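Peer 1: In my numbering, the protein residues as written are 5 to 341.
Quick one: the structure is below, and I'll ask about it shortly.
Rendered as structure tokens:
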């Protein structure tokens, strides 16, 4: 299969490229060439800015693709690119176009309703927001599918975790808090529910979906388990083999917190659960919430990060941790009135 990955430098794209190569496919990666990365041997590297259609035309030439995997849609929200020009460019040149969207493409007023199904309203915030841009792109692609059969498959993951995760306020700092016996702050009683899926399950699903005619023109939620923030912490603690030092943050203290002191997924704006009934007819995930995090913990340890003292930060997502700030909040909670 001749495959093109738009993105391919980090996390999902990186894991996808490796899986495609392992499967014996001919793989090309197109990105701006700004993120340092080492591609597997035999992978063609095309350099272009997807917000500049002329640079895309030059890079792609007249090549036909069996599959295009679009995992770099965020850059268009930042750069103001035109999704319609991109679809024109791939018209009649691709067997299947797999677009990686997001749970944020849903209308966020649905927060607190369970579960979210693909027929529910989508985000109308517009191209300047992450979720709004994802939803806008989805609508444009589905309109093309209706008009001329553009072979799009839209996948909506929720919180993706696993090896190479570059959102550094998820499992990496949680493993560190547990190993270093730090306080773990939980807002809202630890009751906020989030849907989590292993990156390799998402990668496997995309490859299967691109070969499934019934998936074309469809939106498919892709995730594994929905768990509360408290269950998230206690499960990871069992994996690490320690008793977690959980500190529940009262609402009156939470109102005065001005910096991130826990995973963004523990906040009330992420209180949601995805239904995967449609996706399960295509491929069921191989990793449960626990087994996926057990695998991720093994990878974490292999990086030599168990004693890490300095935080990590990704240049795109900017998510990181600040254990000093967390300790201050924990001290405020523990202080007598």
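Here a beta-carbon is modelled for each residue, glycine too, at the ideal position from N, C-alpha and C.
On a predicted model such as this, the values are computed, not experimentally measured, just so you know.
Give the C-beta separation of residue 15 and residue 168 to the nearest angstrom, bearing in mind that I take them to be a contact with Cβ-Cβ under 8 Å.
Peer 2: Counting from one through the chain shown, the residue named residue 15 turns up at place 11. Counting from one through the chain shown, the residue named residue 168 turns up at place 164. At roughly 5 Å, the Cβ-Cβ gap stays under 8 Å, so residue 15 and residue 168 are in contact.
Peer 1: To which residues does DSSP link residue 160 through a beta bridge?
Peer 2: Working through the chain shown from its first residue, we reach residue 160 at position 156. DSSP, once it has assigned bridges, lists 225 as partnering residue 160.
Peer 1: With a Cβ-Cβ cutoff of 9 Å, do residue 60 and residue 93 count as a contact?
Peer 2: Against the chain shown, residue 60 aligns to sequence position 56. Against the chain shown, residue 93 aligns to sequence position 89. A contact, by the Cβ cut-off of 9 Å.
Peer 1: Note down the Cα distance separating residue 75 from residue 10, rounded to an integer number of angstroms.
Peer 2: Reading the chain shown from its first residue, position 71 is the one you call residue 75. Reading the chain shown from its first residue, position 6 is the one you call residue 10. Their Cα atoms are separated by approximately 6 Å.
Peer 1: Would the segment 219 to 226 count as touching the segment 258 to 271 if we require 3 or more Cβ pairs under 8 Å?
Peer 2: Touching, no.
Peer 1: For residue 165, which beta-bridge partners are listed by DSSP?
Peer 2: Here residue 165 is taken as the residue at index 161 of the chain shown, counted from 1. BP columns for residue 165 point to 202.
Peer 1: Using CA coordinates, which residue listed in 230, 114, 220, 121 is at the minimum distance from residue 71?
Peer 2: Within the chain shown, the letter at position 67 stands for residue 71. With distances taken between Cα atoms, residue 71 lies closest to 220.
Peer 1: Do residue 294 and residue 242 have their C-beta atoms closer together than 9 Å?
Peer 2: Position 290 of the chain shown, counted from the first residue, corresponds to residue 294. Position 238 of the chain shown, counted from the first residue, corresponds to residue 242. Contact flag set, yes.
Peer 1: Thinking C-alpha only, which one of 277, 211, 287, 179 is nearest residue 99?
Peer 2: Start at 1 with the first residue of the chain shown, and residue 99 comes out as number 95. Checked all of 277, 211, 287, 179; the closest Cα to residue 99 is 211.
Peer 1: Near residue 258, which residues of its chain fall below 6 Å by C-beta distance, leaving aside the five closest residues on each side in sequence?
Peer 2: By 1-based counting over the chain shown, the position of residue 258 is 254. The residues are 191.
Peer 1: Check the C-beta distance from residue 201 over to residue 233 and give it rounded, since I have them as a contact under 8 Å.
Peer 2: Start at 1 with the first residue of the chain shown, and residue 201 comes out as number 197. Start at 1 with the first residue of the chain shown, and residue 233 comes out as number 229. About 17 Å; that fails the 8 Å criterion.
Peer 1: Could you tell me the distance, in whole angstroms, from the CA atom of residue 179 to the CA atom of residue 29?
Peer 2: Here residue 179 refers to the residue found at position 175 of the chain shown. Here residue 29 refers to the residue found at position 25 of the chain shown. C-alpha separation (whole angstroms): 35 Å.
Peer 1: Let me make sure I understand the geometry here. Which of 255, 55, 276, 185 has the alpha-carbon closest to that of residue 114?
Peer 2: The residue given as residue 114 occupies position 110 in the chain shown. Minimum Cα distance to residue 114 is reached at 276.
Peer 1: Can you look up residue 43 in the DSSP assignment and give me helix, strand or coil?
Peer 2: Residue mapping note: residue 43 aligns to position 39 of the chain shown, counting from 1. Coil.
Peer 1: Which residues mark the beginning and the end of the alpha helix (DSSP H) in which residue 250 is found?
Peer 2: The residue labelled residue 250 in the question sits at position 246 within the chain shown. Where residue 250 is concerned, there is no enclosing alpha helix (DSSP H), although the beta strand (DSSP E) it sits in stretches over 249 to 252.
Peer 1: Any contact between the segment 104 to 111 and the segment 151 to 163? By contact I mean 3 or more CB pairs, one from each, below 8 Å.
Peer 2: Yes: the two stretches touch, three or more of their Cβ pairs being nearer than 8 Å.
Peer 1: Round the Cβ separation of residue 7 and residue 73 to the nearest angstrom and send it over; I've been treating them as touching at under 8 Å.
Peer 2: By one-based count along the chain shown, residue 7 stands at place 3. By one-based count along the chain shown, residue 73 stands at place 69. Confirmed, Cβ separation roughly 7 Å.
Peer 1: With distances taken Cα to Cα, identify the nearest neighbour of residue 319 among 309, 188, 170.
Peer 2: Reading the chain shown from its first residue, position 315 is the one you call residue 319. It is 170.
Peer 1: Among the residues of its own chain, which have a CB less than 8 Å from the CB of residue 62, if the five just before and after it don't count?
Peer 2: Within the chain shown, the letter at position 58 stands for residue 62. 52, listed in sequence order.
Peer 1: Once DSSP output is grouped into helix, strand and coil, what is the label at residue 277?
Peer 2: Your numbering for residue 277 matches position 273 in the chain shown. It is coil, neither helix nor strand.
Peer 1: What are the residues that DSSP puts in a beta bridge with residue 97?
Peer 2: Locating residue 97 in the chain shown gives position 93, where the first residue counts as 1. Paired residues: none, contrary to the question.
Peer 1: Since residue 127 and residue 187 are thought to touch, with beta carbons under 8 Å apart, how far apart are those beta carbons, to the nearest angstrom?
Peer 2: Along the chain shown, one-based indexing puts residue 127 at 123. Along the chain shown, one-based indexing puts residue 187 at 183. So it is not a contact: roughly 35 Å between Cβ atoms.
Peer 1: When we look at the beta-carbon of residue 213 and count the other beta-carbons within 10 Å, is it buried (16 or more) or exposed?
Peer 2: Counted from its first residue, the chain shown places residue 213 at position 209. Flag for residue 213 reads buried.
Peer 1: Should residue 109 be labelled buried (16 or more other beta-carbon atoms within 10 Å of its own) or exposed?
Peer 2: In the chain shown, residue 109 corresponds to position 105, counting from 1. Buried is the call here.
Peer 1: Rounded to a whole number of angstroms, what is the C-alpha to C-alpha distance between residue 36 and residue 17?
Peer 2: Here residue 36 is taken as the residue at index 32 of the chain shown, counted from 1. Here residue 17 is taken as the residue at index 13 of the chain shown, counted from 1. So the alpha carbons of these two residues sit roughly 14 Å apart.
Peer 1: Going by Cα to Cα distance, which pick from 256, 138, 153 is closest to residue 96?
Peer 2: The residue you call residue 96 lines up with position 92 of the chain shown. Ranking the options by Cα distance to residue 96, first place goes to 153.
Peer 1: Is it buried or exposed, residue 65, if we count other Cβ atoms within 10 angstroms and call 16 or more buried?
Peer 2: Counting from 1 along the chain shown, the entry for residue 65 is found at position 61. Residue 65 is exposed by the Cβ-count criterion.
Peer 1: Compute the distance between the beta-carbons of residue 144 and residue 87, then report whether it is under 9 Å.
Peer 2: Locating residue 144 in the chain shown gives position 140, counting from the first residue. Locating residue 87 in the chain shown gives position 83, counting from the first residue. Contact: yes.
Peer 1: Using 10 angstroms around the beta-carbon of residue 118, count the other beta-carbons present and answer buried if the total reaches 16, otherwise exposed.
Peer 2: Here the question's residue 118 lines up with position 114 in the chain shown. Exposed is the call here.
Peer 1: What are the boundary residues of the beta strand (DSSP E) that residue 6 is part of?
Peer 2: Residue numbering aside, residue 6 sits at position 2 when the chain shown is read from its first letter. Taken as a continuous stretch (DSSP letters only), the beta strand (DSSP E) holding residue 6 covers 6 to 10.
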